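Structure, as structure tokens:
Protein chains: 2
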Amino acid sequence: MKLSQIGELSLLEQIRKRFEKHPPNILIGIGDDAALIKPSHENLLVTTDMMVEGVHFSLSFITPYQLGFKLVSVNVSDIYAMGGKPKFLLLNIAMNKNTDKKVIDSFFDGIHKAMKLYNLFLVGGDLSASHKGMTLSATLMGYVKRYIKRSGARIGDRIYVTNNLGDSACGLELLKRIKRPISLENTTTPPLTPPTRGGEYFKISSPLRGEGEGGGEGLSSKFRTLFSKWKLSWNDVEPLLRRHLMPVARDSKKFVRNATSMIDISDGLLIDLTRLCDESKVGARIYAKKIPLSSELKKVASNLGISPMKSALSGGEDYELLFTAPAEKKVKAIYIGDITESKRVIVDAAGREKTFSAEGYQHFGVQR
Amino acid sequence: MKLSQIGELSLLEQIRKRFEKHPPNILIGIGDDAALIKPSHENLLVTTDMMVEGVHFSLSFITPYQLGFKLVSVNVSDIYAMGGKPKFLLLNIAMNKNTDKKVIDSFFDGIHKAMKLYNLFLVGGDLSASHKGMTLSATLMGYVKRYIKRSGARIGDRIYVTNNLGDSACGLELLKRIKRPISLENTTTPPLTPPTRGGEYFKISSPLRGEGEGGGEGLSSKFRTLFSKWKLSWNDVEPLLRRHLMPVARDSKKFVRNATSMIDISDGLLIDLTRLCDESKVGARIYAKKIPLSSELKKVASNLGISPMKSALSGGEDYELLFTAPAEKKVKAIYIGDITESKRVIVDAAGREKTFSAEGYQHFGVQR
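Going down the list, the protein sequences come from chains A and B.
Using numbering that gives the first Met the number 0, the first residue of the first sequence is number 0, and each one after it goes up by one.
Using numbering that gives the first Met the number 0, the first residue of the second sequence is number 0, and each one after it goes up by one.
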């Protein structure tokens, strides 16, 4: 059945029924002119993000379920990057009237999965026909006591990231070559291996991992041939695909006490570090050999002939946190460099300094 | 210059500079991962609305300035409909990369005009390329002490609307025949005439009226010929065009004390009254002869051969408020009927009752 046959009002009613349960601090949820939320003594956070088909995603690469999940994660990441707790979600969805009901259901399943993961409640939204592809936007509100701005980095602070970088960009590269969406809902992922170089390691903890049984089921034989040509197994590629298709936002609560500035890495380490430095009016020196790379990234990137370091520095969509903290504070994250007075440089394995900037991030290709 | 030549980051920077001024309760405005707002002792309201090119608007009918203005008004209307004060705005804009910079500037001028009118502050947003037309969405937050739900109507309550209905729909009809956008920024509007029938009259007070000099300037001679064929003057059509292109949301503060339920009329009186009745689990009896119609609507509709009453009942986009209040309360709005036990009926001029429903609103054509 197609969207045009269901009708907007009937679909809205279904969505409303599915998401209407809400805690007592939401006085009015979906279904009135506006949602109504009781006052809180904490500061209010609000962020919004848009995803446009053909610009931010292609349904040739991502399933509707993954898309719904990712739309929520991307916004949650922004709330976490302020040190906050995400709470209330609003969705605006424009999709072609010929969209199949199964696609819509699957999309909302992904939204729902992410909402449960992050403990969110849907309080509003709008649904419309579109002429061509899907345009999605989500607005997310949350609360924060001690908030972390981009602008708080001080000279001498250390620069940290919360986990491996570049996996997502390499996952996207894989998808561009595989040229089809891959369901990950029923596969098991082995825990990511610790970065072989770089600072302290801490385990990724995604509630999504370990669900269901089996690995890579449903892969066609054509697909297996491709893998064998690349000399890669499902276990090599699955973590990278997952990081791209179903990113789990990194909760900042462990870091909030010591962090002086924070941003989430959505456009790539170099561009987001530049933003943080611009806002803080400082410089940065980071060390290529300290950038954490997963063993999967290194293996897959090498077999595909791409640079793992380039993925990590400028690939984007990592949704890890980048933050600074005073050098004397003990911080359980990966130390990658230091805040300096003004220059922004990366030190390669041979000890040579190269400057970087937001504009140049796409052309940046430091080799380890 | 086109959007693709300016670049997303540079445009974001311009928007940020233009809108960065904010009051002290906004701790962080545009430019971080999320906006940050100090706690308030009042309840928080939030609403969101989307406008898709080719679905909700056509740039053949509306100027970018008017579009920006309307996008804000539509959301403000939802906050007013809860009895609230609008405050914080977020915008998501997807537009083609070939969009001219002048179009973008004009769009933001319209946004800005409306923000000043309603005293709003921009706290966030997202900007993206689109493949085809524009997709716009706005999220608006506000505060409310005493809030009015859709569900509070009681049997015996009177039903009120805040002003003339149908002007906007008739304005759209005009635009469909004129087939081009019409700038209203530099024209003067005579005050709307009081409805000749219907309940109490109160003056529309739009700060937009009376700006600039002259009326209908810039109208081509082709355009004047069209008007003369219809036997209409600029003064007849301007108020109707304005109601459609640059609607001013109706502040509810005068009605909040007495209202038992409230909704804004966005989809047409009958569909929105049905929604209010559904939520309140009541019926309604309204009187066709009490529905307020402007003299401009009656004249223009008659000359174009359309039904003014149909415009008023099911035309939509009026952005007037529809509310109920106990019969004994003195209310300065237009009384159009009463809340009853269950049936939803409209009484025509001859005293005949006809039932109405949300589904049937499009085909409903009561004659006065």
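Idealized CB from N, CA, C, for every residue including glycine.
As the structure is a prediction and not an experimental result, all values here were calculated from the model.
Problem set entry | Sequence ranges, beta strand (DSSP E) only - wholly within the stretch 15-51 of chain A, length at least 3 | Taken in chain order, the complete beta strand (DSSP E) segments of 3 or more residues contained in the stretch 15-51 of chain A are 25-27, 34-36, 42-51.
For this session: Would you tell me roughly how many angstroms separate the C-alpha atoms of Leu8 (chain B) and Gly132 (chain B), rounded to the nearest one?
Result: Looking at the two C-alpha atoms, the distance is approximately 21 Å.
Problem set entry | Cβ pair Thr47 (chain A), Asp31 (chain B) closer than 8 Å | Cβ atoms of Thr47 (chain A) and Asp31 (chain B): not closer than 8 Å.
Problem set entry | C-alpha distance - Val281 (chain B) paired with Leu275 (chain B), whole-angstrom precision | Going from the Cα of Val281 (chain B) to the Cα of Leu275 (chain B) covers about 9 Å.
For this session: If I'm right that Val255 (chain A) touches Ile147 (chain A) with Cβ under 8 Å, what's the distance once you round it to whole angstroms?
Result: 6 Å between Cβ atoms; contact.
Exercise. For Gly6 (chain B), does the three-state DSSP call read helix, strand or coil?
Worked result: Coil at Gly6 (chain B), not helix or strand.
Exercise. Relative to the alpha-carbon of Ile36 (chain B), which residue among B:Val346, B:Lys86, B:Leu239 has its alpha-carbon at the smallest distance?
Worked result: Nearest option by C-alpha distance: B:Lys86.
Exercise. Hey, does Ser182 (chain B) have any beta-carbon neighbour from chain A nearer than 8 Å?
Worked result: Closer than 8 Å to the CB of Ser182 (chain B) there is not a single CB belonging to chain A.
Exercise. Taking Cβ positions, are Val102 (chain A) and Pro63 (chain A) nearer each other than 8 Å?
Worked result: In this structure, Pro63 (chain A) lies closer than 8 Å to Val102 (chain A) by Cβ.
Exercise. Can you list, in chain order, the stretches of the alpha helix (DSSP H) that have 4 or more residues and sit fully within the stretch 274-345 of chain B?
Worked result: List check, alpha helix (DSSP H) in window: 294-303, 307-313.
Exercise. Would DSSP call Ile154 (chain B) helix, strand or coil?
Worked result: Ile154 (chain B): coil per DSSP, three-state reduction.
Exercise. In the stretch 48-67 of chain A, which residues sit with their C-beta less than 9 Å from some C-beta in chain B, listed in chain order?
Worked result: Going along the stretch 48-67 of chain A in chain order, one finds Asp48, Met49, Met50, Val51, Glu52, Gly53, Val54, His55 with a Cβ nearer than 9 Å to chain B.
Exercise. What residues of chain A sit near Asp368 (chain B), judged by a beta carbon separation below 8 Å?
Worked result: What the structure shows of chain B is the stretch from 0 to 367, and residue 368 (chain B) is not part of that stretch, so it cannot be assessed.
Problem set entry | Alpha carbon of Val330 (chain B) to alpha carbon of Asn257 (chain B), nearest angstrom | So the two alpha carbons sit approximately 7 Å from each other.
Exercise. So with Cβ pairs under 8 Å, would you call Gln4 (chain A) a contact of chain B?
Worked result: Not one chain B Cβ lies under 8 Å of Gln4 (chain A).
Problem set entry | Within 8 Å of chain A by C-beta, residues of the stretch 16-29 of chain B in sequence order | Only those residues of the stretch 16-29 of chain B whose C-beta falls short of 8 Å from the nearest C-beta of chain A are listed: Leu26, Ile27.
Exercise. Should the stretch 149-159 of chain B be regarded as contacting the stretch 313-333 of chain B, the criterion being three or more beta carbon pairs within less than 8 Å?
Worked result: Verdict: yes, contact present.
Exercise. Using the C-alpha atoms, what's the distance from Glu237 (chain B) back to Lys202 (chain B)?
Worked result: With a pLDDT of 28 at Lys202 (chain B), under the threshold of 50, the predicted position of this residue should be treated as unreliable, though the coordinate-derived value follows. Distance between the alpha carbons of Lys202 (chain B) and Glu237 (chain B) is about 17 Å.
Problem set entry | Reference Lys20 (chain B), options B:Val122, B:Ile335, B:Gly304, closest by Cα | For Lys20 (chain B), the closest of B:Val122, B:Ile335, B:Gly304 by C-alpha to C-alpha distance is B:Val122.
Problem set entry | Proximal chain B residues relative to His40 (chain A), where beta-carbon distance stays under 8 Å | Residues of chain B passing the Cβ test: Pro38.
Problem set entry | Lys342 (chain A) versus A:Lys353, A:Ala348, A:Ala349, A:Ala300, residue with shortest Cα-Cα distance | Looking at the Cα atoms, A:Lys353 is the closest of the given residues.
For this session: Let me know the secondary structure DSSP gives Tyr117 (chain A) once reduced to three states.
Result: DSSP places Tyr117 (chain A) in helix when its eight states are reduced to three.
Problem set entry | Separation of Gly53 (chain A) from Gln65 (chain A), as counted between CA atoms | Spanning the alpha carbons of Gln65 (chain A) and Gly53 (chain A) requires a straight line of approximately 16 Å.
Problem set entry | C-beta atoms of Asn95 (chain A) and Ser136 (chain A) nearer than 8 Å | Between Asn95 (chain A) and Ser136 (chain A), the gap from beta carbon to beta carbon reaches 8 Å or more.
Exercise. Of all the options A:Lys309, A:Leu321, A:Ala287, which has the alpha carbon lying nearest to the alpha carbon of Ala349 (chain A)?
Worked result: It is A:Ala287 whose Cα lies nearest to the Cα of Ala349 (chain A).
For this session: Could you tell me how far apart the beta carbons of Ile181 (chain B) and Leu225 (chain B) are, in whole angstroms, since I believe they sit closer than 8 Å?
Result: The C-beta separation of Ile181 (chain B) from Leu225 (chain B) comes to about 12 Å, leaving the pair out of contact by the 8 Å criterion.
Problem set entry | Test: Arg149 (chain A) CB closer than 8 Å to a CB of chain B | The beta carbon of Arg149 (chain A) falls within 8 Å of a beta carbon belonging to chain B, placing the residue at that interface.
For this session: Report all residues from its chain with a CB closer than 6 Å to the CB of Asp166 (chain B); omit the five preceding and five following residues, and keep chain order.
Result: Excluding residues within five positions, the ones whose Cβ falls inside 6 Å are Leu239, Arg242, Ser293, Leu296.
Exercise. Would you report the Cα separation of Lys230 (chain A) and Leu58 (chain A), rounded to the nearest angstrom?
Worked result: One C-alpha to the other measures close to 27 Å.
For this session: Let me know the secondary structure DSSP gives Leu164 (chain B) once reduced to three states.
Result: Look at Leu164 (chain B) here: in three-state DSSP terms it is coil, with no helix or strand label.
Problem set entry | Same chain, Cβ closer than 6 Å to Thr98 (chain A), five either side skipped, listed in chain order | Counting only Cβ-Cβ distances below 6 Å, and skipping sequence neighbours, we find Leu2.
Problem set entry | Extent of the continuous alpha helix (DSSP H) to which Glu237 (chain A) belongs | Unbroken alpha helix (DSSP H) run through Glu237 (chain A): 233-244.
Problem set entry | Where Lys112 (chain A) falls, given that 16 or more other Cβ within 10 Å makes a residue buried | Flag for Lys112 (chain A) reads buried.
Exercise. CB-CB under 6 Å to Leu174 (chain B), same chain, minus the five flanking residues each way: which ones, in chain order?
Worked result: Annotation for Leu174 (chain B): Phe60 place their beta carbon closer than 6 Å to its own, counting only its chain and skipping 5 residues before and after.
Problem set entry | Chain-ordered chain B contacts of Lys131 (chain A) [CB-CB under 7 Å] | The answer, in chain order, is His130, Lys131.
Problem set entry | Cβ separation of Glu172 (chain A) and Leu303 (chain A), assumed to be a contact under 8 Å, to the nearest whole Å | Indeed, because the Cβ distance is near 6 Å, the residues count as touching under 8 Å.
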